[in-house]
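Remarks on the structure that follows.
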Amino acid sequence: MATHAHFNRSLVALLLGLACMLFSQFAAAQWWRFGADAGEPVFTDLLFNQVNALRVERSLQFSPGDLDGGKVIVRGRAEVAQGAIGRVEASLDDGLSWVEVPFSDRGMFAFEFAPQFEQPYRFKLRALSTTGQASNDSEHAFEFRLVRDDSRALAEAAFEQLLERYMARDRAGFMAMVSRDFIGNETALDSALSNDFRFFDAIRIRPTIQRMAAADDRWTIYFLFNRQVRSVRTGQLLQDQANTSVTLVREGDGYKLHELAAPLIFGVSDPGNLASFVTDESIGTDVLVLDRDGNVVTQPQGQATEGTPSNVRTGSFALNPGFGYSFLSRQVLAHMSTTAFAFDGSDSLSNFGGETEGGQTLSGVTSLDAVTSVPADMPEWWGDTTAVIGRVYALKLVDGTYVIFRIAGGSLSTGPITIEYRHQLNGTPNFR
């Protein structure tokens, strides 16, 4: 309790010097959320330094390099449709104590604190309107912690370890770095590695990381790889180059393999049981293929993994604010009237295009693999719906086909975000 009191006194002192901070830096944001009470205040911006914290679901971790002069500067904006914002409050102890935060007449606010290593700060934020309504403080509740390790660096190090163990043909060492929550068939991965190491020799993989995206305790690494292997059966050297990704999840003090995309760099012989989706940029690119008889060839990467129904198109793409995606033409477009949905850069997805007949969030679903079917009839989707990293959404398009997609990572406030999708082309809502 003494720690809380000391912290709150320090926080109050810091707030006084930041009352006018950054009020001119926020552009007007589209904040209305479908189904929200017009009199209930909502938060439309929330930054911890440069990290968008508006839709953090469980936890947020910083390393020392993420701090600004040893501090976290929290900036945001509260808005309400009816009345005006009358008060903004923040708590770092799960609501046991609240500190009033100065704000402008436009609802913009800022405060800062100097976190201590490994101390959990249970952050909550709430706003009260002049009409007496309050925001839901549990909507923006999560644990913040300053850690001594750099999670991004740890994820990169784990990726490098996976590559080293794979190139060394160390099956047991590789499998020790596979998460217990691996999305795919873990037994199939073990078997596929055995096939890889039986039929591949002199494995060399050189990745070039293009971007990394974090969501709660996961990092997705998107990279271009150059690969060379020698066929044990023929002695022939084979090479390929393509884009793909891996997702790592935090377990204990490090990261482990959580999800694979096609083209596969691990377990090449069994993409149907291992790859969650196909990387869109690599469709049509010649990649190495290993069959169960040990034959190694190069052939164009298809739109679906082996074992995925041929009528289900899979892929991924990146969206910047103001751009949308057309599943019918398979293009990222700036003109929203020709898209299925658009990303507006303020933590929401918008349906202003002509391709979507209905849509909904698939509650509690975080993996495309978990979806076997979607409702044949979906509510009309007009306006905005909240964008959350890791969440899965379903659409019924105007041509009668169905789409499921997942926000895999990125920045919901500034973009780009990465979308993974599956498009059922046969007109049924079944994805298995």
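Using mature numbering (1 follows the signal peptide of the UniProt record, and there is no 0), the letters of the sequence shown map in sequence onto residues -29 to -1, 1 to 403.
We put the beta carbon where it would ideally sit given N, CA and C, even for glycine.
query                                                                                                               : result
Backbone CA spacing between PRO400 and PHE196 [nearest angstrom]                                                    : 35 Å
Separation of GLN270 from VAL239, as counted between CA atoms                                                       : 13 Å
Residue of SER62, VAL13, GLU83 and VAL72 minimising C-alpha distance to GLU50                                       : VAL13
CB contact flag (TYR226, ALA126, <8 Å)                                                                              : yes
Cross-strand partners of TYR137 (DSSP beta bridge)                                                                  : Answer is none; TYR137 lacks a bridge partner.
Three-state secondary structure assigned by DSSP to PHE153                                                          : coil
Contact between the region 126 to 137 and the region 97 to 109 (3+ Cβ pairs under 8 Å)                              : no
Close Cβ partners of ASP71 (< 6 Å) along its chain, the five nearest in sequence each way excluded                  : Looking at the sequence itself, residue 71 is Glu, so the reference to Asp does not match. GLU60.
Three or more C-beta pairs below 8 Å linking the region 75 to 87 and the region 101 to 109                          : no
Nearest-angstrom Cα separation, counted from ILE388 out to SER382                                                   : 6 Å
Test item: CB-CB of VAL369 and GLY325 under 8 Å                                                                     : yes
Buried/exposed call for PRO234, threshold 16 Cβ in 10 Å                                                             : buried
Length at least 3, wholly inside the region 321 to 368: the beta strand (DSSP E) runs in chain order                : 327 to 332, 354 to 357 and 363 to 368
Nearest residue (CA-CA) to ASP251, options GLU391, GLY243 and GLN90                                                 : GLU391
Three CB pairs or more closer than 8 Å across the region 31 to 40 and the region 112 to 120                         : yes
Terminal residues of the beta strand (DSSP E) in which ASN214 lies                                                  : 208 to 222
Which of helix, strand or coil DSSP assigns to ASP79                                                                : First, the amino acid is wrong: residue 79 is Met here, not Asp. If DSSP states are grouped into helix, strand and coil, MET79 belongs with the strands.
Burial state of LYS367, where buried means 16 or more other Cβ atoms lie within 10 Å                                : buried
Assigned exposure category for VAL283 - 16 Cβ within 10 Å defines buried                                            : buried
Anticipated Cβ contact below 8 Å, GLY398 with THR372, distance rounded                                              : 6 Å
Proximity winner among GLN181, THR215 and THR337, relative to ARG377 (alpha-carbon distances)                       : THR337
Member of LEU208, THR218, THR205 and ARG169 whose CA lies at the smallest distance from the CA of ASP188            : THR218
Expected contact under 8 Å - CB spacing of ALA311 and SER321 to nearest Å                                           : The pair is not a contact, with the Cβ atoms about 11 Å apart (cut-off 8 Å).
Nearest neighbour of GLY10, chosen from GLN53, LEU38, LYS42 and LEU25 [CA to CA]                                    : GLN53
Euclidean distance between Cα positions of GLY293 and ALA143                                                        : 47 Å
Element boundaries [beta strand (DSSP E), containing ARG189]                                                        : 189 to 202
Coarse secondary structure for THR250, derived from DSSP in three states                                            : coil
Residues that DSSP places opposite VAL22 in a beta bridge                                                           : PHE19
Nearest to SER247 (by Cα), restricted to the options ASP224, THR285, ILE236 and LEU38                               : THR285
Where GLN270 falls: helix, strand or coil (DSSP)                                                                    : strand
Neighbour-count burial assignment, GLY36, 16 or more Cβ in a 10 Å radius                                            : exposed
Nonlocal neighbours in the same chain, by C-beta distance under 6 Å from ASP241, ignoring five residues either side : ALA159 and ALA163
PHE145: first and last residue of the uninterrupted alpha helix (DSSP H) it sits in                                 : 142 to 146
Below-8 Å beta-carbon distance, LEU320 vs any chain B residue                                                       : Protein chains in the displayed structure number just one, and chain B is not present.
Presumed contact (8 Å Cβ cut-off) between SER150 and THR191, rounded CB distance                                    : So it is not a contact: roughly 13 Å between Cβ atoms.
Alpha carbon of GLY255 to alpha carbon of VAL268, nearest angstrom                                                  : 15 Å
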